[in-house]
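Novice: Quick note: the working numbering has the sequence shown finishing at residue 438, numbered continuously throughout.
Yeah, the Cβ is synthetic: ideal placement off N, Cα and C, and Gly gets one too.
Below is one structure. I have some questions about it.
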Amino acid sequence: MNSAIFLINRETAGLIADTIHFLLKVSIKARGMFELPKNIYLMAIVSSLCLATSSLMVLVSGLLGSSLAPSASLATLPMASFIIATAVSTVPAAMIMRKVGRKQGFLLSIFIAFCGALCALLATVQANFLLFIFATLCFGFNLAFTQQGRFIIIENAQNPKQQADGLTIALLASLLGGFIGPQFGALGRDLIASPQGYAGSFLLLAILLVIAFVIMCIYEERGVAEAEKVSAERSLLSIIKQPSFILAAGTAATGYAVMSLVMTATPLSMVEMSGHSFNHATIVIQSHIVAMFLPSLLTGKLLKKGLRLSLIVAGLLCYLAVIAVAFSGHEVMHYWWALVLLGLGWNLLFMTATALLPETYHGNERFKAQAVNEFSVISAQAIAAFSAGWILFNYQWEGVLKTALSISVFWLLGLVFLGYITRKKQPVAVASL
Numbered sequence: 006m007n008s009a010i011f012l013i014n015r016e017t018a019g020l021i022a023d024t025i026h027f028l029l030k031v032s033i034k035a036r037g038m039f040e041l042p043k044n045i046y047l048m049a050i051v052s053s054l055c056l057a058t059s060s061l062m063v064l065v066s067g068l069l070g071s072s073l074a075p076s077a078s079l080a081t082l083p084m085a086s087f088i089i090a091t092a093v094s095t096v097p098a099a100m101i102m103r104k105v106g107r108k109q110g111f112l113l114s115i116f117i118a119f120c121g122a123l124c125a126l127l128a129t130v131q132a133n134f135l136l137f138i139f140a141t142l143c144f145g146f147n148l149a150f151t152q153q154g155r156f157i158i159i160e161n162a163q164n165p166k167q168q169a170d171g172l173t174i175a176l177l178a179s180l181l182g183g184f185i186g187p188q189f190g191a192l193g194r195d196l197i198a199s200p201q202g203y204a205g206s207f208l209l210l211a212i213l214l215v216i217a218f219v220i221m222c223i224y225e226e227r228g229v230a231e232a233e234k235v236s237a238e239r240s241l242l243s244i245i246k247q248p249s250f251i252l253a254a255g256t257a258a259t260g261y262a263v264m265s266l267v268m269t270a271t272p273l274s275m276v277e278m279s280g281h282s283f284n285h286a287t288i289v290i291q292s293h294i295v296a297m298f299l300p301s302l303l304t305g306k307l308l309k310k311g312l313r314l315s316l317i318v319a320g321l322l323c324y325l326a327v328i329a330v331a332f333s334g335h336e337v338m339h340y341w342w343a344l345v346l347l348g349l350g351w352n353l354l355f356m357t358a359t360a361l362l363p364e365t366y367h368g369n370e371r372f373k374a375q376a377v378n379e380f381s382v383i384s385a386q387a388i389a390a391f392s393a394g395w396i397l398f399n400y401q402w403e404g405v406l407k408t409a410l411s412i413s414v415f416w417l418l419g420l421v422f423l424g425y426i427t428r429k430k431q432p433v434a435v436a437s438l
């Protein structure tokens with residue numbers, strides 16, 4: 006087994022080399038398009054590589070869970086533990102980085118994810134379900150830090166224009182991470198002999214995390230500005246009760262909840278209930294992922310124009326269009342258009358909410374404010390993902406759509422209420438949105 010672990014054929018080595026070359030090439034071209042600090046590019050690449058863990062888990066966790074679990078009812082436990090670990094780790098991640106710094110905290114999380122990849126490799130070779138669950142907990146811990154990457158990018162930006170450009174690059178890099186994970190998963194499936202396969206996938210993931218660790222070592226820790234040191238730190242309650250904070254956190258949570266609910270239910274609805282092929286479902290999901298990240302170039306430009314509230318409304322209108330299209334039929338094109346619109350709506354809501362959040366706290370309050378925001382977002386995503394299957398099998402595809410409609414309409418009404426409160430108490434703040 007030991008010799009098999011270190012057996013990497015030329016095709017695998019070539020793919021790893023091509024991945025590194027592509028990342029370097031994209032970084033060089035991006036630096037020509039955007040004038041941004043080096044730290045922003047480094048963080049975008051590191052986040053992208055770490056997000057490959059998440060996309061790999063989406064591909065293989067259910068397959069491995071169904072074969073390794075002692076009971077079929079526990080097949081989804083690996084993915085569930087991954088999401089729960091991410092949600093539970095959001096607050097500790099922020100507090101750890103506050104204590105030891107962004108760089109050291111991120112390096113710690115990458116190292117733990119690397120250990121998780123080795124544990125997952127061993128678990129697949131030994132068909133050890135509990136060890137695989139432990140590996141997913143390590144991956145979830147790392148993802149909690151990775152989710153903070155966009156805030157680190159904002160902190161390294163020198164002006165609002167760089168913030169918008171940085172978020173654009175971060176989401177475009179996330180698209181790359183979304184494709185690297187499944188590709189490495191498929192390539193490494195039979196690389197190492199194991200009862201159910203995929204041991205080699207986690208070897209390739211471990212190599213990817215080593216690359217991320219090395220790149221993160223180049224990151225230069227940003228010092229705390231003098232204004233951040235002397236400004237009075239408000240209580241957490243004072244921060245989160247601001248209408249602007251509720252707007253940012255609520256928008257992000259709504260975006261993730263609706264996206265996760267519909268996306269999770271779509272493959273089951275297409276294949277199990279509508280009789281479409283697995284290949285058709287794959288195309289629909291891949292198109293959805295592209296729609297989530299590719300519009301970032303346009304969204305970033307619109308953010309620089311200050312159209313934030315308009316972008317939130319546009320995102321929610323996209324969600325309403327998703328429901329209208331999905332209700333109109335069960336053909337492949339109905340699912341395809343619905344999921345593409347879903348990705349576009351998520352992009353508008355997520356990028357805008359991310360840009361709004363830093364305006365709700367002072368520099369010395371960022372860790373606790375970001376922790377609450379991330380916990381809200383990940384919790385909403387987890388609840389939606391877990392409930393998607395139950396709603397689908399009990400209330401059909403239409404039940405999923407009605408739930409998504411309820412969430413979207415609720416937040417549209419929430420925007421009206423927040424706008425009324427803000428205009429009444431803080432008229433200047435409304436104009437800035």
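Given a cut-off of 8 Å, decide if I412 and A92 are closer than it, judged by their beta-carbon atoms.
Specialist: Going by C-beta atoms, A92 is not nearer than 8 Å to I412.
Novice: How would you call L121, buried or exposed, if buried means at least 16 neighbouring beta carbons within 10 angstroms?
Specialist: The question names Leu, but residue 121 is Gly in the sequence shown. Per the 10 Å Cβ criterion, buried.
Novice: What are the boundary residues of the alpha helix (DSSP H) that includes T365?
Specialist: Looking at the DSSP string, T365 is not in any alpha helix (DSSP H), and its letter there is neither H nor E.
Novice: Measure the alpha-carbon distance for V414 versus Q201 and round it to whole angstroms.
Specialist: When rounded, the distance between both Cα atoms is 44 Å.
Novice: Would you report the Cα separation of V421 and L69, rounded to the nearest angstrom?
Specialist: Each residue's Cα considered, the two are about 46 Å apart.
Novice: For P83 versus F137, is the C-beta spacing smaller than 8 Å?
Specialist: Going by C-beta atoms, P83 is nearer than 8 Å to F137.
Novice: Take T365 as the anchor and find which of K104, C143, A253 has the nearest alpha-carbon.
Specialist: Ranking the options by Cα distance to T365, first place goes to A253.
Novice: How should Y400 be labelled, buried or exposed, when 16 other C-beta atoms within 10 angstroms of its C-beta is the threshold for buried?
Specialist: Exposed, because fewer than 16 other Cβ atoms sit within 10 Å of the Cβ of Y400.
Novice: Could you have a look at Y224 and say whether DSSP puts it in helix, strand or coil?
Specialist: Looking at Y224 - three-state DSSP - the assignment turns out to be coil, as it is neither helix nor strand.
Novice: On a CA-only basis, which of Y324, K166, A175, L142 is nearest F156? Give me that one, please.
Specialist: Closest option to F156, Cα to Cα, is A175.
Novice: At a cut-off of 7 Å, is N44 close to the ligand MN when judged by its beta-carbon and the heavy atoms of the ligand?
Specialist: This structure simply doesn't include the ligand MN, nor any ligand for that matter.
Novice: Can you give me the C-alpha to C-alpha distance between T271 and E336, rounded to a whole angstrom?
Specialist: Distance between the alpha carbons of T271 and E336: 12 Å.
Novice: In whole angstroms, give me the CA-to-CA distance for S240 and S333.
Specialist: Answer to the nearest angstrom: the Cα atoms are 48 Å apart.
Novice: Can you give the Cα-Cα distance for L361 and S301, rounded to whole angstroms?
Specialist: C-alpha separation (whole angstroms): 16 Å.
Novice: With burial defined as no fewer than 16 other Cβ atoms inside 10 Å of the residue's Cβ, what is the status of I223: buried or exposed?
Specialist: Answer is exposed; the Cβ neighbour count stays below 16.
Novice: Go ahead and label M62 buried or exposed: buried means 16 or more other beta carbons lie within 10 angstroms of its beta carbon, across all protein chains shown.
Specialist: Buried: at least 16 other Cβ atoms inside 10 Å.
Novice: Three or more C-beta pairs under 8 Å: does that hold for the stretch 290-301 against the stretch 344-361?
Specialist: Judged by Cβ distances under 8 Å, the stretch 290-301 makes contact with the stretch 344-361, as three or more pairs qualify.
Novice: Can T95 and A376 be called in contact, C-beta distance under 8 Å?
Specialist: It is a contact, given that the beta carbons lie within the stated cut-off.
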